Amino acid sequence: MKIVSSRSSLIITVNDVNEFVPLFTHQNYLFKLHQDQICSNCRVGITILIQTVELDFCLQVEAIDDDCSNENQRVCDYRITTPNMPFSIDSNGSISITKPLIDDKYDFDVVAIDCLPSADNNDLRVLSEPATVTIKIVKSCQPTIIGRTKKKKCS
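Note that the working numbering gives residue 120 to position 118 of the sequence shown, counting from 1, and the numbers run on in steps of one.
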């Protein structure tokens, strides 16, 4: 008895699942702003005066996503989760000042939002664990004359 076989094609499609959540490159970010500086929004050009000089850097956080189907390990958005902060954050992780800063220190949490839906629920985007951002306002010292000697007075 002769066995006859034929060739056939088989196509296998493998779909990547969203198995990794975004991870921040640092769990804590510390930014120091000098009281005599202007903070410029990195993208839009809004400027809010703290006092007098311009910053030449941006306040920015960064998260990456290790899913294979996510080109360039990008994250789609960021969100400040601490309520009532005088800051906003854009989809690049750039932090902008939205109101005059009156305190010496601000602590708030941010999360990164995954580009791909959750593997368990296609309607949900995966959020990272929060990273903590601390922004400290460094007081400036201004020389003042008291009596006959010149002293520095810090405000």
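Beta carbons are placed, not taken as given, at the ideal position from N, Cα and C, and that holds for glycine.
Owing to the predicted nature of the structure, the values given are computational and were not obtained by experimental measurement.
- By alpha-carbon distance to Y80, the top candidate from K138, A65, K4 is A65.
- As the crow flies, the alpha-carbon of M87 is around 13 angstroms from that of D106.
- Under DSSP, T136 forms a beta bridge with L32, D109.
- Assignment of beta-bridge partners to R81 by DSSP yields V113.
- When secondary structure is reduced to three states using DSSP, L103 falls in the coil class, being assigned neither helix nor strand.
- Contact annotation, V112 with V128: C-beta distance approximately 15 angstroms; criterion of less than 8 angstroms not satisfied.
- Between the alpha carbons of T15 and S7 lies a distance of about 25 angstroms.
- For F89, the enclosing beta strand (DSSP E) has its first and last residue at 89 to 91.
- In the DSSP secondary-structure assignment, S96 is bridged to Q62.
- When the five nearest sequence neighbours on each side are left out, no beta carbon in the same chain lies closer than 6 angstroms to the beta carbon of R76.
- Contact between P24 and D67 holds: CB atoms are separated by about 5 angstroms, below the 8 angstroms threshold.
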